[in-house]
Amino acid sequence: MRATQKKTIDEFFREGKEIDKALKQAVQRALLEHKKAGNPVVEWRGGKIVWIKPEEITVKEKKN
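Structure, rendered in structure tokens:
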């Protein structure tokens, strides 16, 4: 693909890298916002729903 040519939506889904990256960033952003606001989040652990307290939410540091 040439540098000036844009990817089609089919190419984005076929490759998946950009979509995976965007989803991971969105999850981290949502976790950070919940933590800052003092809101818990829900996680699926061992086949059960578990509430995670805001102070227990871990957010990965942003890489530049």
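In my numbering, each residue carries its 1-based index in the sequence shown increased by 778. Built from N, CA and C at the ideal position, the CB exists for glycine as well. This one's a predicted model, so the numbers in the text were calculated from it and none came from an experiment.
For residue j and residue i, the rounded distance between their alpha carbons
| i | j | result |
| --- | --- | --- |
| W829 | K838 | 19 Å |
| G824 | K784 | 42 Å |
| K799 | I787 | 15 Å |
| V820 | T782 | 42 Å |
| Q803 | I797 | 10 Å |
| E789 | W822 | 31 Å |
Beta-carbon separation (whole angstroms), residue i vs residue j, contact threshold 8 Å
| i | j | result |
| --- | --- | --- |
| P818 | K831 | 6 Å |
Residue i and residue j closer than 8 Å at C-beta
| i | j | result |
| --- | --- | --- |
| I835 | L809 | yes |
Buried versus exposed call for residue i [16 or more other C-beta atoms within 10 Å across all chains shown]
| i | result |
| --- | --- |
| K795 | exposed |
| K814 | exposed |
DSSP bridge partner residues for residue i (one or two, in chain order)
| i | result |
| --- | --- |
| K826 | R823 |
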